[in-house]
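Take a look at the structure set out below.
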Amino acid sequence: MFIIFCWIFARIREDKLKLKEAYEALLILSLNQPYSEEYKIFSDRVKELAATNYNFSYTEDVVNYFTASFHDAVLMLCDVINETKSLGENQ
């Protein structure tokens, strides 16, 4: 059995429409880059630290979404570690 992944080359119209709808749904998913004042301040601080500590200059207006996501993940991990330690479960 041959599976067609490209809606353009589907031979049956129904398959073509189903595949096209599936790909359109995939295209709707995207990262939402925040542009709030708070994010701008965060971004400026990250760029400042990158330039000072690592001699790295960003070319973008704001830092990449993944940079902010990694930062948030580290903060959440720190919260969990601190909470665990405060409960005496550090072993």
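For the record, in the sequence shown the residue sitting at position 71 is 71 according to the UniProt record's numbering, with numbers rising by one throughout. Quick reminder that beta carbons are idealized off the backbone N, C-alpha and C, glycines included.
Which of helix, strand or coil DSSP assigns to residue i
i     : result
Asn53 : helix
Glu60 : coil
Ser69 : helix
Ser36 : coil
Leu17 : helix
Leu77 : helix
C-alpha distance - residue i paired with residue j, whole-angstrom precision
i     : j     : result
Lys85 : Asp79 : 10 Å
Ile41 : Tyr65 : 14 Å
Asn32 : Tyr39 : 12 Å
His71 : Leu77 : 10 Å
Cβ-based neighbour list, residue i, same chain, cut-off 7 Å, excluding 5 preceding and 5 following
i     : result
Ala51 : Ser57
Cutoff 8 Å; reference residue i; Cβ partners in own chain excluding five residues on either side
i     : result
Glu83 : none
Rounded Cβ spacing between residue i and residue j (contact assumed at less than 8 Å)
i     : j     : result
Val63 : Val46 : 5 Å
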